[in-house]
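For the record, in the sequence shown the residue sitting at position 293 is 557 according to the numbering used here, with numbers rising by one throughout. Even glycine gets a Cβ: it sits at the ideal position worked out from N, Cα and C. Heads up: the structure comes next, in structure tokens.
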Amino acid sequence: MSTANDTKFLPAVFLLTGISGYEDVHVWISIPFCLMYLSSILGNSLILFIIKTDPNLHEPMCIFLSMLAITDLGLSISTMPTILGIFWFNSRKITFNACFTQLFFIHSFSFIESSMLLLMAFDRLVAICVPLRYAFILTPSRIAKMGLISLLRAVVLIFPLPILLKQYQYCQTNVLSHSYCLHQEVMKMACSDIRVNSIYGLLIIVSTVGLDSLCILLSYLMILKTVLRIATHAERLKALNTCVSHVSAVLLFYTPMIGLSVMHRFGKNSSFTQILLGYIYMMVPPLMNPIVYSVKTKLIRARIIRSWPSLSSLAVV
Numbered sequence: 265m266s267t268a269n270d271t272k273f274l275p276a277v278f279l280l281t282g283i284s285g286y287e288d289v290h291v292w293i294s295i296p297f298c299l300m301y302l303s304s305i306l307g308n309s310l311i312l313f314i315i316k317t318d319p320n321l322h323e324p325m326c327i328f329l330s331m332l333a334i335t336d337l338g339l340s341i342s343t344m345p346t347i348l349g350i351f352w353f354n355s356r357k358i359t360f361n362a363c364f365t366q367l368f369f370i371h372s373f374s375f376i377e378s379s380m381l382l383l384m385a386f387d388r389l390v391a392i393c394v395p396l397r398y399a400f401i402l403t404p405s406r407i408a409k410m411g412l413i414s415l416l417r418a419v420v421l422i423f424p425l426p427i428l429l430k431q432y433q434y435c436q437t438n439v440l441s442h443s444y445c446l447h448q449e450v451m452k453m454a455c456s457d458i459r460v461n462s463i464y465g466l467l468i469i470v471s472t473v474g475l476d477s478l479c480i481l482l483s484y485l486m487i488l489k490t491v492l493r494i495a496t497h498a499e500r501l502k503a504l505n506t507c508v509s510h511v512s513a514v515l516l517f518y519t520p521m522i523g524l525s526v527m528h529r530f531g532k533n534s535s536f537t538q539i540l541l542g543y544i545y546m547m548v549p550p551l552m553n554p555i556v557y558s559v560k561t562k563l564i565r566a567r568i569i570r571s572w573p574s575l576s577s578l579a580v581v
């Protein structure tokens, strides 16, 4: 069979990449990565345990926080096997089906996290702008419906992507620049016409992440407008202080996500900055969200201190 004809067949695998040029120290690099994953899993699991076991924390803000923790756990678990597999065992090969499955879960959890951050912005908006109607607006049944809609939106929008990718022919080297599969990069490996995936991918990014971030921005403009009407300076600071943890989570998530998406869509070649930004996007938000909310949320911090008295010495304000 000729070489030209061989390129028409779908290759069996993609090749993932760690950090190019640093292969000799991958084992050492894996140590902080492993610690970050363990901290992410333990931190988010601790948040879930505390919220579940303390009835005083069964309020809308903490319910949304538990949803965010579940999403962060899913995002960490989606990327951990391939990233640690490369750095520990140099296991670079990933089958097409496994790659498409991984990118489905990565993008689904990313879109769910975007929705969770939007819902948490809505929670802060209601709490500050109409506090007397807070319990009436954010009822448990309404919160459950919001969470379900967020899940369905992500799954329905992402589900066509792996199906479309599977229809393409891949006749290049199929070496990915990351340690995990992303739609933006996988579709560039195809030697078929990828305009449908490119246009559809852009549309869902704009209609989800773009719309969510715009609504979050509008929510905080309304919050600022309300806070500026408060009489005393101390009360203004107290109201804004309740938003600090959420603003931190928004910046931690959207900044690397938007940067990575722009680099993949408009960049021609992979770079160290792009690879580093990819790791930040996948690993830092799940790691930092539990820390930020534990430090800035008094109820959760107090519950942690009561459960583990040895931590009380670290909670000096």
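Of the residues 484, 457 and 447, the one placed nearest residue 383, counting alpha carbons only | Position 119 of the sequence shown, counting from 1, holds the residue named residue 383. It is 484.
Looking at C-alpha atoms only, which residue of 307, 438 and 321 is the closest neighbour of residue 404?
-> Along the sequence shown, read from residue 1 onward, the residue named residue 404 stands at position 140. Per the Cα distances, 321.
Report, in whole angstroms, the separation of the C-beta atoms of residue 507 and residue 388, which I expect to be a contact under 8 Å.
-> Here residue 507 corresponds to residue number 243 of the sequence shown, with the count starting at 1. Here residue 388 corresponds to residue number 124 of the sequence shown, with the count starting at 1. So it is a contact: roughly 5 Å between Cβ atoms.
Might you give, ordered along the chain, the residues of its own chain that have their beta carbon closer than 6 Å to the beta carbon of residue 347, omitting 5 neighbours on each side?
-> Here residue 347 refers to the residue found at position 83 of the sequence shown. The residues are 443.
Could you give the distance in angstroms between the alpha-carbon of residue 457 and the alpha-carbon of residue 471?
-> Stepping through the sequence shown from its first residue, residue 457 is reached at position 193. Stepping through the sequence shown from its first residue, residue 471 is reached at position 207. Going by the C-alpha atoms only, they are around 23 Å apart.
Could you check what DSSP says for residue 364 in three-state terms: helix, strand or coil?
-> Taking the sequence shown and counting its residues from 1, one reaches residue 364 at position 100. Residue 364 falls in the helix class under three-state DSSP.
Starting from residue 359, trace the beta strand (DSSP E) both ways and give me its first and last residue.
-> Along the sequence shown, read from residue 1 onward, the residue named residue 359 stands at position 95. It spans 357-359 - the beta strand (DSSP E) in which residue 359 sits, taken as one unbroken run.
Looking only at its own chain, which residues have a Cβ that is under 6 Å from the Cβ of residue 546, when we skip the five neighbours before and after it?
-> On the sequence shown, residue 546 is found 282 positions in, with the first residue counted as 1. So the qualifying residues of the chain are 343.
Delimiting residues of the beta strand (DSSP E) encompassing residue 277 | Position 13 of the sequence shown, counting from 1, holds the residue named residue 277. Unbroken beta strand (DSSP E) run through residue 277: 277-279.
Distance between beta carbons of residue 349 and residue 355, contact taken as under 8 Å = Position 91 of the sequence shown, counted from the first residue, corresponds to residue 355. Position 85 of the sequence shown, counted from the first residue, corresponds to residue 349. Correct: roughly 4 Å between the Cβ atoms.
Starting from the C-beta of residue 527, find all residues in its chain whose C-beta is less than 6 Å away, skip the five residues before and the five after it, and write them out in chain order.
-> Taking the first residue of the sequence shown as position 1, residue 527 is located at position 263. The residues are 538.
Start and end residues, alpha helix (DSSP H) containing residue 340 | Position 76 of the sequence shown, counting from 1, holds the residue named residue 340. That run of the alpha helix (DSSP H) goes 324-353.
Going by DSSP, what residues sit across from residue 601 in a beta bridge?
-> In the structure as shown, the chain begins at 265 and stops at 581. Residue 601 is therefore absent and cannot be evaluated.
Span separating the alpha-carbon of residue 310 from that of residue 435 | In the sequence shown, the residue the question calls residue 310 occupies position 46. In the sequence shown, the residue the question calls residue 435 occupies position 171. So the alpha carbons of these two residues sit roughly 46 Å apart.
Give, in chain order, every unbroken run of the alpha helix (DSSP H) that is at least 4 residues long and sits entirely within the segment 474-524.
-> 475-491 and 497-505
Using only alpha-carbon positions, find the residue among 371, 489, 459 and 333 that is nearest to residue 473.
-> Start at 1 with the first residue of the sequence shown, and residue 473 comes out as number 209. Closest option to residue 473, Cα to Cα, is 371.
Where residue 301 sits in the DSSP three-state scheme = Against the sequence shown, residue 301 aligns to sequence position 37. Reduced to three states, the DSSP call for residue 301 is helix.
Rounded C-alpha distance that separates residue 497 from residue 566 = On the sequence shown, residue 497 is found 233 positions in, with the first residue counted as 1. On the sequence shown, residue 566 is found 302 positions in, with the first residue counted as 1. Going by the C-alpha atoms only, they are around 26 Å apart.
Whole angstroms is fine: what's the gap from residue 283's alpha carbon to residue 492's?
-> Here residue 283 refers to the residue found at position 19 when the sequence shown is read from its first residue. Here residue 492 refers to the residue found at position 228 when the sequence shown is read from its first residue. Cα to Cα, residue 283 sits roughly 48 Å from residue 492.
Measuring CA to CA, which of 482, 353, 562 and 399 is closest to residue 293?
-> Translated into positions along the sequence shown, residue 293 becomes position 29. Measuring from the Cα of residue 293, the nearest candidate turns out to be 353.
Exposed unless 16 or more other CB atoms sit within 10 angstroms - verdict on residue 335 | Within the sequence shown, the letter at position 71 stands for residue 335. Buried, since its Cβ has 16 or more Cβ neighbours within 10 Å.
Residue from 289, 380 and 412 whose Cα sits closest to the Cα of residue 517 | Translated into positions along the sequence shown, residue 517 becomes position 253. Answer by Cα proximity: 380.
Can you tell me which of the three DSSP states residue 284 falls into?
-> Sequence index remark: in the sequence shown, residue 284 carries index 20 (1-based). The answer is coil: DSSP assigns residue 284 none of H, G, I, E or B.
Distance CB(residue 560)-CB(residue 512) smaller than 9 Å | Your numbering for residue 560 matches position 296 in the sequence shown. Your numbering for residue 512 matches position 248 in the sequence shown. For residue 560 and residue 512, yes; Cβs fall inside 9 Å.
Can you give the beta carbon distance from residue 480 to residue 333, rounded, assuming they're within the 8 Å contact cut?
-> Along the sequence shown, read from residue 1 onward, the residue named residue 480 stands at position 216. Along the sequence shown, read from residue 1 onward, the residue named residue 333 stands at position 69. About 19 Å separates the two Cβ atoms, so there is no contact after all.
Nearest to residue 392 by CA position, among 515, 568, 536 and 488, is which residue?
-> Start at 1 with the first residue of the sequence shown, and residue 392 comes out as number 128. That would be 488, whose Cα lies nearest to the Cα of residue 392.
What number of angstroms, rounded off, separates the C-alpha of residue 542 from the C-alpha of residue 369?
-> Numbered from 1 along the sequence shown, position 278 holds the residue referred to as residue 542. Numbered from 1 along the sequence shown, position 105 holds the residue referred to as residue 369. Approximately 16 Å, taken between the alpha carbons.
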